[in-house]
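For the sequence shown, the numbering used here assigns the number -2 to the initial residue and increments by one for each residue that follows.
Where is the CB? At the ideal position from N, CA and C, for every residue including glycine.
Before any comments, here is the structure.
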Amino acid sequence: MLDQREVEELKALIREEFSDYYELAGGKNYRYHHLVRTHRYVKRMMRREELEGLEIDEEVLEVSALFHDLGRKEDIEEGFLNPMEGENSEHAERGAEMGSDYIDDFLEDDKVRRVEKVISNHHREAETVEGERLQDCDALSNFGVNNL
């Protein structure tokens, strides 16, 4: 499991990538807040009794939550992001390719590969339990659920 210092370092990397821009229907720096919120939902979900007994790699899930939309940074043009442009799978694929540059220092190689897989599939049918949980928490964050 990641310690709080590592989580804060990862959040700082994301904050650096998603600051000082405006997102259509989301506002200033929305993507950073969405990623942190998704991570918070993942952490809360991991504490649920219903998940006991499932073999979930918490590190893979946490890092995937924080970086699943990293590919969106390539969509920011002149300080503006319209998430409705382009295919969702495009940003997922880009994010999976870009992610290892950010997370190599935090995870072992096999976990980095698993994070890449979860991120690349987060808008398709999930292939892992971590992918399923990420999709659930991503949807909760996107639709403004605040009482999980």
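Beta-carbon proximity list for Ile73, same chain, < 6 Å, skipping 5 on both sides
Tyr18
Are the segment 67 to 84 and the segment 33 to 52 touching by the rule of at least three beta carbon pairs closer than 8 Å?
no
Give me whichever residues DSSP pairs with Gly24 in a beta bridge.
Glu20
Check whether the Cβ of Leu7 sits closer than 7 Å to any heavy atom of the ligand GDP, and report yes or no.
Among the components modelled here there is no ligand, and therefore nothing to report on the ligand GDP.
Taking the alpha-carbon of Arg12 as reference, which of Met(-2), Leu(-1), Arg34 has the nearest alpha-carbon?
Arg34
Under the DSSP definition of a beta bridge, which residues are partnered with Glu129?
Note: Glu129 sits in no beta bridge, so no partner.
Helix, strand or coil for Phe77? Go by DSSP, reduced to three states.
strand
Mind reading off the beta-carbon distance from Arg91 to Val57? Whole number of angstroms is fine, and I expect it under 8 Å.
The Cβ separation is near 19 Å, so there is no contact.
Looking at the secondary structure, which residues open and close the alpha helix (DSSP H) in which Asn85 lies?
85 to 100
Does the separation of the CB atoms of Leu131 and His65 fall below 8 Å?
yes
Determine the burial state of Ser138: buried for a count of at least 16 other Cβ atoms within 10 Å of its Cβ, exposed for fewer.
buried
Could you give the residue range of the alpha helix (DSSP H) that holds Asp107?
106 to 117
Selected residue, minimal CA-CA separation from Ala89, among Thr125, Asp133, Val115, Arg2:
Val115
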